[in-house]
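Take a look at the structure set out below.
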Amino acid sequence: MKFSIAVSVICAFSIVRSSWLDSEIEWFNEYLALTLLSMNFFTYDISSFSPMKLCIIPLVILVLSLASVGMMWMQTGLPISPGIEFQGGISVTLVTDETPDEITAYFSGYPLISVNEGINNGKYLKFGPMDDAATTAFVKLVEGKYSGAKIDQIGSSFGATLQEQATIALIISFIGMSIVVFAVFRTFVPSAAVVISAFADMVMSAAAMNLLGIQLSLGTTAALLMLIGYSVDSDILLTSRVLKRKGKFDEKIQGAFKTGIIMTSTTFGAILAMWIISAIGGIMIIWEIASVLLIGLLFDVMNTWLTNAGIIKWYMTEGKGRLLSGQRGA
Amino acid sequence: MDKDTLMDMIKDYRVAIYLILLIVSIIVIFPHPGPSGLDTNLQFGLDLDGGSWIQLEFQSAIVTFKSDMTLDKFIPELKTKLDAEVSLVDENTLEIRKNISEEDLRLVFTELQTELVSYNPGVTKTTADDVKRILESKINSLGTRDAKVYVITALNGISRYVRIEMAGVSMGEAQEIVGKQGKFEIRIHTTANETEHVLFGDSIQSVANPSQTPPNSNNWGVSFVTTPNAAEDLRQAAIKVGATRTPEGHNLDMILDGKVVYSAPLSPDLAAELQSKATSNLLASTGAGEGGREQAKLLEIHLRNGALPVGVTIAGSGSVSPELGGQFKFWSVLAGVFALFAVAISVYVRYREPGIVFPMVLINGSEIIILLAVTTFFMQLDLATIAGLIAVLGTGIDQLVIITDEILHEGKVPSPNLYLKRLKRALGIIVASAGTVLIAMLPLAVMDLSTLRGFAIITMLGVLVGVLVTRPAYGRIIMSILSK
Chain A
1 MKFSIAVSVI CAFSIVRSSW LDSEIEWFNE YLALTLLSMN FFTYDISSFS
51 PMKLCIIPLV ILVLSLASVG MMWMQTGLPI SPGIEFQGGI SVTLVTDETP
101 DEITAYFSGY PLISVNEGIN NGKYLKFGPM DDAATTAFVK LVEGKYSGAK
151 IDQIGSSFGA TLQEQATIAL IISFIGMSIV VFAVFRTFVP SAAVVISAFA
201 DMVMSAAAMN LLGIQLSLGT TAALLMLIGY SVDSDILLTS RVLKRKGKFD
251 EKIQGAFKTG IIMTSTTFGA ILAMWIISAI GGIMIIWEIA SVLLIGLLFD
301 VMNTWLTNAG IIKWYMTEGK GRLLSGQRGA
Chain B
1001 MDKDTLMDMI KDYRVAIYLI LLIVSIIVIF PHPGPSGLDT NLQFGLDLDG
1051 GSWIQLEFQS AIVTFKSDMT LDKFIPELKT KLDAEVSLVD ENTLEIRKNI
1101 SEEDLRLVFT ELQTELVSYN PGVTKTTADD VKRILESKIN SLGTRDAKVY
1151 VITALNGISR YVRIEMAGVS MGEAQEIVGK QGKFEIRIHT TANETEHVLF
1201 GDSIQSVANP SQTPPNSNNW GVSFVTTPNA AEDLRQAAIK VGATRTPEGH
1251 NLDMILDGKV VYSAPLSPDL AAELQSKATS NLLASTGAGE GGREQAKLLE
1301 IHLRNGALPV GVTIAGSGSV SPELGGQFKF WSVLAGVFAL FAVAISVYVR
1351 YREPGIVFPM VLINGSEIII LLAVTTFFMQ LDLATIAGLI AVLGTGIDQL
1401 VIITDEILHE GKVPSPNLYL KRLKRALGII VASAGTVLIA MLPLAVMDLS
1451 TLRGFAIITM LGVLVGVLVT RPAYGRIIMS ILSK
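Protein chains in written order, with our numbering: chain A, 1 to 330; chain B, 1001 to 1484.
Dropping the structure here:
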């Protein structure tokens, strides 16, 4: 089990080194190290940790994340910096051995925002919004020089509509998830613990996206929604094991951890494969989805086994749950 | 495992359903050798096959209102004030075919002492279907191979967008096709085979919807209005060739892009009228019954020059070249294979027991096959859908791990009774987390966030197939294997 985590981490490290943006590396390393730290001391035992101690690290990160997300909100009106699909603009994927400077010169008459380089000479260009006539001329310019380019254009009003709908989708999803969780466990504290962990997961992932420069797009919105499902998975496992099984709390939670960590690392492995291959193949939408899922899964490990475990430990040892397990004769 | 336990296992309804579904799925996908290597029944979207899409937004709004004025006074006044086409949908709903903001419209309504109750950008389903028909006929007449036109209708029945997808066409070509107006001309027969120019499409001012003249006679036609100049040209031409005296033999031809789409003589009363004065109100009748109606619909499109009844702007567009699409296809298959491989390695490291790892990976892989088969019926595989498939792979394996660990609790293989109890408990956890995924994805599947709909639908289907079919079957299979 430890071996598989180590493998994933080594893979992640070596991939990050050859990744799209240099500035990402530093941050990625830092928070990987952090997650590793939390996982390692967790593998040993949690019986000596008080609920407060368990929750303190995630709490600090959550507060920092909320600050980051809040700042972005004030700047852009959205918790995560919106990409072209939500702001309007044009993105172009093309394969060329020209340098970014040459590309910038060629498109000097158009509102070029950024040029990112991928593997295999792939280039990913972003442009600001243009009117219908300029778009037509632009498309001719691109198709004239780079055959086989992928062009995506979103008008700013359509972008605004997409943004509005994406926000609604995220809110409804989150509320829906909370209702299901409360319906399943029917007790306040354990249900709230699951919902809080999922919330923390999303906020932390959002903050990490801001730090790494991953923008909110249709793909990353889908990934965030998917995270709601993924993160709740291990939380539900933990809560069910603790509430519905007989036995000592520490043993139950260790059993749950054993299952939960293999679940997460297997999923992590599958998504990591998707992330690597899509980076090589230059498939932006899949790469974006995979990036956000990977970040979210790492935070999920922390939030399930520190945040959720901390709250449920408090509930079982000091809160109402103590009574409950006492009645069951555990 | 001996033959008997194998038979017992297959006879179990959970395993039987799973096996049947898997076999049917492979038949449905139908992999067979073809011209491009391996052919299947899978349908690929534009980003894998290459092509372009354009999404148009209607410059129009559906509003409901409350007015003290009578309708036949209110609507004409509104028309003049807005200088736009306004049509009544039902007694308090209007379709205003103009790009006007809610605030501006509210001001106009206030001037008319009418309350604006609701405002939604878009058109009615009927108008949207007209647009779809016009676009289809236009694209087909230009000989474009594989074009699809979708109207995007919200839950409230109002359509705001129409999306055109053209396979194998570059974005430049696509924009040209959609933006192109047909060349429409009316010519009059001078002698048997000679014709003379009367007017071009730009002198047609407005075209009405197909109607029956006289009303309810089931005689269909399309009336249209020309400019006064064109009306005079028509009169001169008709007099010159003698069509006003002998309409027969001097047919009027309507020609779109060099093809005659309609040809008929002047009616006796029109001929008589033209003898004395010009008229700009014309009616082209197309005959009686359903055939006449269909013809009238087509003629309306032609008279409009392929112009749409409502203004549109480009909301978004995109294209992928076939080469790049092919590349994406290759890499996404590879991503799927590697994902499955990664899953196999992780579970092997955990359980170190081929008897567990094989069924797990096989079940996981066959969930993907079943989902692929489901997509052939009603959706296209695009990049977002493939991302969804890989995400399903991830959740699927999670739940197989839950089942395995729950059953193997305390490292011992349980008795059948205890086994069923534990399987039930595992399925309880699974159903709960499946419920959250379903709920989380539901908004995306219902709303139309462009490509993400496919992602959401495939994820939801994946969860359903998993919970209802493959995971219970896995529980049964793993029991037979472990109890050997």
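For every residue, glycine included, the Cβ atom is placed at its ideal position computed from N, Cα and C. Since the model is a prediction, treat every value here as computed from it, not as a measurement.
What would DSSP say about residue i, mapped onto helix, strand or coil?
| i | result |
| --- | --- |
| residue 1187 of chain B | strand |
| residue 1205 of chain B | strand |
| residue 1221 of chain B | strand |
| residue 1302 of chain B | helix |
| residue 1261 of chain B | strand |
| residue 152 of chain A | strand |
| residue 1147 of chain B | strand |
| residue 1328 of chain B | helix |
| residue 77 of chain A | coil |
| residue 126 of chain A | strand |
| residue 1055 of chain B | strand |
| residue 1116 of chain B | strand |
| residue 302 of chain A | helix |
| residue 1030 of chain B | coil |
Report yes or no: is there a C-beta of chain A within less than 7 Å of the C-beta of residue i?
| i | result |
| --- | --- |
| residue 1233 of chain B | no |
| residue 1338 of chain B | yes |
| residue 1350 of chain B | yes |
| residue 1044 of chain B | no |
| residue 1362 of chain B | no |
| residue 1059 of chain B | no |
| residue 1334 of chain B | yes |
| residue 1436 of chain B | yes |
| residue 1049 of chain B | no |
Keeping to the same chain, check which residues put their C-beta closer than 6 Å to that of residue i; ignore five residues upstream and five downstream.
| i | result |
| --- | --- |
| residue 19 of chain A | Residue confidence is low: residue 19 of chain A scores 39 on pLDDT, short of 50, so the model does not pin down where it sits. Its coordinate-derived value is still stated next. Same-chain partners within the cutoff: there are none. |
| residue 65 of chain A | 203, 204, 207 |
| residue 1183 of chain B | 1257 |
| residue 221 of chain A | 166 |
Select from the options the residue whose C-alpha is nearest the C-alpha of residue i.
| i | options | result |
| --- | --- | --- |
| residue 1158 of chain B | B/1138, B/1189, B/1126, B/1187 | B/1126 |
| residue 131 of chain A | A/319, A/77, A/120, A/90 | A/90 |
| residue 1221 of chain B | B/1262, B/1197, B/1435, B/1090 | B/1262 |
| residue 1203 of chain B | B/1049, B/1227, B/1432 | B/1227 |
| residue 1225 of chain B | B/1235, B/1239, B/1471, B/1206 | B/1206 |
| residue 1256 of chain B | B/1268, B/1186, B/1214 | B/1186 |
| residue 1398 of chain B | A/313, A/266, A/221 | A/266 |
| residue 1404 of chain B | B/1032, B/1437, B/1359, B/1441 | B/1359 |
| residue 80 of chain A | A/165, A/88, A/214 | A/214 |
| residue 1030 of chain B | B/1171, B/1372, B/1231 | B/1372 |
| residue 230 of chain A | A/48, A/194, A/141 | A/194 |
| residue 239 of chain A | A/269, A/278, A/201, A/186 | A/186 |
Does the CB of residue i have a neighbour CB from chain B at under 7 Å?
| i | result |
| --- | --- |
| residue 158 of chain A | yes |
| residue 92 of chain A | no |
| residue 203 of chain A | no |
| residue 148 of chain A | yes |
| residue 167 of chain A | no |
| residue 265 of chain A | yes |
| residue 60 of chain A | no |
| residue 177 of chain A | yes |
| residue 23 of chain A | Bear in mind that a pLDDT of 45 at residue 23 of chain A, under 50, signals an unreliable position, so the number given afterwards is only what the model happens to contain. For residue 23 of chain A, the answer is no, since every Cβ of chain B falls outside 7 Å of its Cβ. |
| residue 296 of chain A | no |
| residue 229 of chain A | yes |
| residue 180 of chain A | yes |
| residue 139 of chain A | yes |
| residue 222 of chain A | yes |
| residue 226 of chain A | yes |
Would you say residue i reaches chain E, if we count a Cβ-Cβ gap shorter than 7 Å as a contact?
| i | result |
| --- | --- |
| residue 1432 of chain B | No chain E is present in this structure, whose protein chains are A and B. |
Considering only residues of the same chain and omitting the five flanking positions on each side of residue i, which have a CB-CB separation below 8 Å?
| i | result |
| --- | --- |
| residue 184 of chain A | 191, 236 |
| residue 148 of chain A | 94, 95 |
| residue 54 of chain A | 46, 306, 307, 309, 310, 313 |
| residue 225 of chain A | 169, 170, 173 |
Tell me which residues share the same chain as residue i and place their Cβ nearer than 7 Å to its Cβ, disregarding the 5 neighbours each side in the sequence.
| i | result |
| --- | --- |
| residue 319 of chain A | 189 |
| residue 112 of chain A | 104, 125, 127 |
| residue 1237 of chain B | 1188, 1196, 1198 |
| residue 1116 of chain B | 1063, 1065, 1105, 1106, 1109 |
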